[in-house]
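Counting in our numbering, the sequence shown runs from 1 upward without gaps.
Beta carbons are placed, not taken as given, at the ideal position from N, Cα and C, and that holds for glycine.
Treat the numbers as computed from the prediction; the structure is a model and nothing was measured.
Okay, structure first, notes after.
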Amino acid sequence: MMKKINLFILIFIVLISGFSNICAQESEQTTSLPKSYSLDDLYMMALRRSEKIKISNEDLYIAEQTKKKALSVLVPRFSAFGNYTRYSEEKTAPDKVTPIQP
Numbered sequence: 001m002m003k004k005i006n007l008f009i010l011i012f013i014v015l016i017s018g019f020s021n022i023c024a025q026e027s028e029q030t031t032s033l034p035k036s037y038s039l040d041d042l043y044m045m046a047l048r049r050s051e052k053i054k055i056s057n058e059d060l061y062i063a064e065q066t067k068k069k070a071l072s073v074l075v076p077r078f079s080a081f082g083n084y085t086r087y088s089e090e091k092t093a094p095d096k097v098t099p100i101q102p
């Protein structure tokens with residue numbers, strides 16, 4: 001019998017708390033007035049949020065990068081390398097006249 005009373009009280013509390021949340025949400029919706037937008041505001045919001053426009057911008061970026069990649073083949077390539085060696089002593093041939101290295 002005690003379990004039934006506890007269960008009844010628990011169900012009653014859950015129902016009351018759910019009903020109070022619904023009433024609170026309805027009162028918030030009625031108190032907040034909808035913001036009015038101008039046509040320019042709506043147009044700018046549509047431009048910012050439009051998925052097709054974002055995809056088109058990405059496609060444009062890809063096309064520009066592809067163009068740069070294609071034109072980079074036309075640019076001449078230049079490469080150079082060098083080496084410098086300085087010897088600390090001069091070596092000569094056995095005749096002691098002809099230098100082997102400067």
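From P76 to Y84, what distance separates their C-alpha atoms?
Translated into positions along the sequence shown, residue 76 becomes position 76. Translated into positions along the sequence shown, residue 84 becomes position 84. P76 and Y84: Cα-Cα distance of roughly 27 Å.
Over what stretch of residues does the alpha helix (DSSP H) that includes K54 continue unbroken?
As a working mapping, residue 54 is identified with position 54 in the sequence shown. For K54, the uninterrupted alpha helix (DSSP H) segment begins and ends at 51–71.
Just the C-alpha distance for P99 and R86, rounded to the nearest angstrom, thanks.
Residue 99 sits at position 99 when you count from the first residue of the sequence shown. Residue 86 sits at position 86 when you count from the first residue of the sequence shown. Distance from the CA of P99 to the CA of R86, rounded to the nearest whole angstrom, comes to 15 Å.
Alpha carbon of S79 to alpha carbon of K68, nearest angstrom:
For the purposes of this step, residue 79 is taken as residue 79 along the sequence shown, with counting starting at 1. For the purposes of this step, residue 68 is taken as residue 68 along the sequence shown, with counting starting at 1. Rounded to the nearest angstrom, the gap between the Cα atoms of S79 and K68 is 21 Å.
By the three-class DSSP mapping on this structure, what secondary structure does K91 have?
Within the sequence shown, the letter at position 91 stands for residue 91. Assignment of K91 by DSSP, reduced to helix, strand and coil, places it in the strand class.
Sequence-distant residues of the same chain with beta carbon closer than 6 Å to D59, five excluded per side:
Position 59 of the sequence shown, counting from 1, holds the residue named residue 59. Hits under 6 Å: none found.
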